[in-house]
Amino acid sequence: MMVMKKINLGSAGLTVPIIGLGCMGMTGFEEGHIYGEADEQEAIATIHRSLELGGNFLDTADLYGPFKNEQLIAKAIDGQRNQYIIATKFGWEIDDNNKVTWAINGKKEYVKKAVERSLKNLNTDYIDLYYMHRLDKNTPIEETVEAMSELVKEGKVGYLGLSEVSSETVKRAHAIHPITAVQSEYSLFERTAEERGIRNTLHELGIGFVAYSPLGRGFLSGQIRSIDDLPENDFRRSIPRFQEAHFHKNIALVKAIQAMAQEKKITSSQLALAWIINKGILPIPGTKRRKYVEQNIAATEIEFNEADLSKLESIVPLGTDTGHPYDEFSMGLID
Ligand SMILES: NC(=O)c1ccc[n+]([C@@H]2O[C@H](COP(=O)([O-])OP(=O)(O)OC[C@H]3O[C@@H](n4cnc5c(N)ncnc54)[C@H](OP(=O)(O)O)[C@@H]3O)[C@@H](O)[C@H]2O)c1
């Protein structure tokens, strides 16, 4: 039986498996679905199967649902809380009627309020890793991290993380309280964190790098062959990378990646994950199905050598234009 490999995420003492489980797609979002219909029973079974295979590092956020995702996790981990390592996030402001306002709020009072809500929704008294989801450009990062640091002192949170932040923000935050992880979109289709030097900054500061959407939101699985494969209310329809101007050339890249995966007798999703793991970056592929979580965890066992690296990176070299990962509004929220 395979034994899950582990790494120290950051230098503050958190040890996690080398792959996480992204839970976002397991629930709908406000009125719509993010990546197609989700089945609650299968989603919960996926979390349990992941645990059986050593994949006990779950990624969620208050934004997902909002709250429904954290509540689903609470159900799944009921009675087994201490077997899991749970990462959640705050920052997209959610008002007292549970409506997302789409402002980003990093003010001290909001951080305090958000953590209480997440603890309640997760039905737990501690969060292992608490991320600021996006930078509030109207609040100094020092204020936000100071507030997060108080949560650590109070025992409500174990470790701190940031998402989609610049090198400068990471350095300022890390000077206030050790940052354990930075989560950015990172995949064969999205290497901005590398291009902007963020990956190097994290390496220098001893902060873990968590890659979200490591399968390019499913694009790299090779299963999306036409934009019509996506349901009408699927979030991906809003992303330039999936739209007309980029779709066809991106599909051609996926086909080349699939051909290489076939030669190695693995799937393109597994190849995309093995490439990330080989770089010492921790991917958190999202799935709501047992079948996929098994395949994704199996990717941690794949041999990936220098020749594989150069072959794959010659198919999708650094700097390849695959289109923006978000619409204009959301691009503006990245630090
Ligand atoms: N910090 C942030 O701002 C941020 C933003 C986005 C996401 N995230 C986090 O990152 C996690 C992962 O990202 P993501 O879910 O956006 O994208 P992803 O992991 O790149 O892709 C998810 C998609 O790939 C499909 N998939 C997964 N494994 C597969 C396999 N082995 N074979 C074929 N298809 C497979 C899933 O299908 P099914 O859904 O049908 O299983 C889903 O449609 C999220 O769950 C969330 O926790 C964070």
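Numbering (the numbering used here) for the sequence shown: 1 to 335.
The beta-carbon is built from N, C-alpha and C at its ideal position, and this holds for glycine as well.
This structure is a prediction, so every number in the text was calculated from the model and none was measured.
A residue is called buried once 16 or more other Cβ atoms fall within 10 Å of its Cβ, and Trp102, having fewer, is exposed.
Between the alpha carbons of Tyr212 and Glu70 lies a distance of about 17 Å.
Ranked by Cα distance from Thr88, the options Gln80, His246, Leu119 and Ile315 are led by Leu119. In the structure shown, Asp136 adopts coil according to DSSP, grouped into three states. For Ala181 and Thr322, the gap between their C-alpha atoms comes out near 26 Å. Between ligand 1 and the CB of Ser213, the shortest heavy atom gap is smaller than 7 Å. The three-state reading of DSSP puts Ala147 in helix, counting H, G and I together.
In this structure, the straight-line span from the alpha carbon of Gly197 to that of Ala307 is close to 25 Å. Listed in chain order, the alpha helix (DSSP H) elements of length 4 or more contained wholly in the segment 57 to 107 are 68 to 77.
Burial of Asp136 is indicated by the presence of at least 16 other C-beta atoms within 10 angstroms of its C-beta. The segment 301 to 317 and the segment 275 to 282 touch, with three or more beta-carbon pairs separated by less than 8 Å.
Straight-line measurement puts the Cα of Gly206 at about 27 Å from the Cα of Ala114.
When beta bridges are read from the DSSP output, Leu160 appears opposite Tyr130 and Ile179.
Of Ile47, Arg290 and Lys265, the smallest CA-CA separation from Gln83 is found for Ile47. Secondary structure note for Thr192: its alpha helix (DSSP H) is the uninterrupted segment Thr192 to Glu195. Between the segment 96 to 111 and the segment 52 to 70 there are three or more inter-stretch CB-CB distances shorter than 8 Å, so the stretches are counted as touching. If you look at Ile7, you'll find it isn't in any alpha helix (DSSP H); it sits in the beta strand (DSSP E) that goes Lys6 to Leu9.
Residue state for Pro240 is assigned as helix, using DSSP reduced to three classes.
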